[in-house]
Amino acid sequence: MEDVRTFKATSMQEALTLVREEMGSDAVILQTKQIPGRKSLLPWSKSKEEFEITAGLGINVRTPEAINKKPHSAGIRHRASNLQPAKSLAESTSPPDTFTRTTTPVRQKTGPRFQPRQPTPADQRPVQRRFDQRDLETVPRQISPEQKRPEQKAYDPTEEFAEKLNAIQEMLESLERRTRSQRSTDVPSELFHIYTDLIDAEVDESVAHQLITKLKANSTPEQLKDTTASKALLAALIESQLQCAPPISPVPGQRKIVALVGPTGVGKTTTIAKLAANFRLRDNIKMGLVTVDTYRIAAVEQLRTYAEIIDLPMKVVSNPKEMQQALDELVGLDLVLVDTAGRSPSDDLKIKELESLFREVPIDEVSLVMSMTSSAKSLEAIARRFQVAKPTSMILTKLDEAPVMGSLLALSQNVKLPVRYLTTGQDVPDDIEPANAARMSRLILGEDRLL
């Protein structure tokens, strides 16, 4: 028969002692509880706390380990006789003075008073364990006001600023997605495949949308349904937006000085060799070469080799004074091509040297050489950095290495410099051609081949 009782005392140790005295060593601890005491009417008097223990006899209690591992095994009882000393209990619950016995324990009992039971044979008793530190985990611990107070995080203005920037970035990305969605929905179904072709050619989305809008406005319904007619109209529309400059045209008896500038690795020296070979061998123009590229010995030797093959006079200079002297020695020629050292767009010192050279030496035309392997944004940034050289036209190189030609349109619209030449390979003097708007339009649409 089960016998369950509840004991209350001013300390946990007293309550455990009452359990041991009243119910014996076979009592099972069912529950422990800490009860806040009533507040005293006197302001200087502290409220007294009570501890409550519920214990029972004839009850088998299974531990969590036994429940998880062996669901049908016999329970393990907590024996009151194996409780730890009062000192250990007091150290793990609250300060020592809290457990000082000041009043007579209050006991609340259920059922009849304890009667000794007949001893149970040892082999029939359930497995028992000692009451150890793990049993104290069920006792509520006192938490000081300092422990209850949440930790205050130090104010960091940079973190707040970063959060605001992230929020702005998310807003911009959301706006861009909505704008793209609106643009794609505005495209007529019969022109949607042309619109996607422009995007695949890396034409800017806003530019592609403007082209489609103009194409729709300037076409008849029959032309919009005809794919061939639509592409022809689009090619003419792109052609009208491309700016091209005429090729270099020397005048006999009037010396013209043309300089090529640009970043490193875009093919300025090879481009000058192609131009010189065509002017000398094809047009029989009297001309000479000047190189200011003293930073790269290989480039100087490369140009010198071409000059010897074509039978051209060549001068190597390193400053404006030597440049002026070389031009004086090349008097009587119709054309002089000047090769400059490649400058990094981020190197302000080298850019200023280039500006100083052109300020002190009379240059008739300056062509900015850029590689089509760069992105449209990079090309626009390069053009802005070389504005100090006052270029009058562009020469676009390495078209054979560019996967698509859509940046031709963006470059022509945003840089505001006409394109003079296109180079399509490394062969001298063949892989160069004067810029032509109709051919560039076909290249953008993928309807023409380079070779």
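All you need for my numbering is the position in the sequence shown, starting with 1, plus 759.
Cβ coordinates follow ideal geometry from the N, Cα and C atoms, glycine included.
- If you check the CB distance, Met1082 and Val1059 do not come in under 8 Å.
- Per DSSP, the continuous alpha helix (DSSP H) segment holding Gln982 begins and ends at Pro980 to Lys984.
- DSSP places Ile1110 outside any beta strand (DSSP E); the residue lies instead in the alpha helix (DSSP H), whose first and last residues are Asp1107 to Glu1119.
- In the structure shown, the three-state DSSP call for Met1129 is strand.
- Sequence-distant Cβ neighbours of Ala988 in its own chain, meaning closer than 6 Å and more than five residues away, are Gln982.
- Leaving aside the five residues that flank Leu1001 on each side, the residues in its chain whose CB is nearer than 6 Å to its CB run, in chain order, Ser1171, Ala1196 and Met1199.
- Look at the beta carbons and you see the region 1060-1076 not touching the region 1006-1023: under three pairs across the two are nearer than 8 Å.
- Of the candidates Ala1004, Val1095, Ile971 and Lys984, the residue whose Cα lies closest to the Cα of Ala995 is Ile971.
- Take the alpha-carbon of Leu993 and the one of Tyr1065: they are about 42 Å apart.
- Distance from Val1187 to Ala1032 at the Cβ level is roughly 5 Å; contact confirmed, criterion being Cβ atoms closer than 8 Å.
- With respect to the 8 Å criterion, Pro1150 and Val1120 are not classified as neighbours on the basis of their beta carbons.
- The continuous alpha helix (DSSP H) containing Ile971 extends over residues Glu964 to Ala976.
- For Gly1024 and Arg1102, the gap between their C-alpha atoms comes out near 10 Å.
- Just so you know, the alpha carbons of Gly1026 and Ile1154 end up roughly 10 Å apart.
- Remark: C-beta atoms of Leu1158 and Leu1127 do not approach each other more closely than 8 Å.
- From the listed residues Met1073, Ser1077 and Val1020, the smallest Cα separation to Glu1088 is found for Met1073.
- Residues Lys1157, Glu1160 and Ala1161 of the same chain have their beta carbon placed closer than 6 Å to that of Thr1132, with the five preceding and five following residues left out of the count.
- The C-beta of Pro980 has fewer than 16 other C-beta atoms within 10 Å across all chains shown, which makes the residue exposed.
- Looking from the CA of Ala1057, the closest CA among Arg1039, Val1090 and Thr1028 belongs to Thr1028.
- In this structure the region 809-818 touches the region 772-790; the number of beta carbon pairs closer than 8 Å is three or more.
- In this structure, Gly1165 places its C-beta atom within 8 Å of the C-beta atom of Ala960.
- Classified as buried, Ile1110 has 16 or more neighbouring CB atoms from the shown chains inside 10 Å of its CB.
- For Ser1152, no alpha helix (DSSP H) run applies; the uninterrupted beta strand (DSSP E) run containing it begins and ends at Ser1152 to Thr1156, by DSSP.
- A distance below 8 Å separates the beta carbons of Ile1069 and Ala1036.
- In its chain, beyond the 5 residues on either side, no residue has a beta carbon closer than 8 Å to the beta carbon of Ser948.
- For Ala768, the enclosing beta strand (DSSP E) begins and ends at Asp762 to Ala768.
- Phe1117 and Ser1008 have their C-alpha atoms spaced approximately 21 Å apart.
- A Cβ-Cβ separation of about 7 Å places Glu809 in contact with Ala768 under the 8 Å criterion.
- In this structure, the beta-carbon distance from Asp1107 to Leu1019 does not fall below 8 Å.
- Taking 8 Å as the cut-off, the Cβ atoms of Leu1086 and Met1046 do not count as close.
- Where Met771 is concerned, the enclosing alpha helix (DSSP H) starts and stops at Met771 to Met782.
- Residue environment: Ala921 is assigned as exposed (fewer than 16 neighbouring CB atoms within 10 Å of its CB, all protein chains considered).
- When the alpha-carbon of Gln1146 is set against those of Lys1175, Ser1134, Ser1130 and Ile953, the nearest one is in Lys1175.
- With fewer than 16 other CB atoms across the displayed protein chains lying within 10 angstroms of its CB, Arg1041 is exposed.
- Around the Cβ of Glu773, a 10 Å sphere holds 16 or more other Cβ atoms; the residue is buried.
- Residue pairing by DSSP places Ala1018 opposite Val1097 and Val1125 in a beta bridge.
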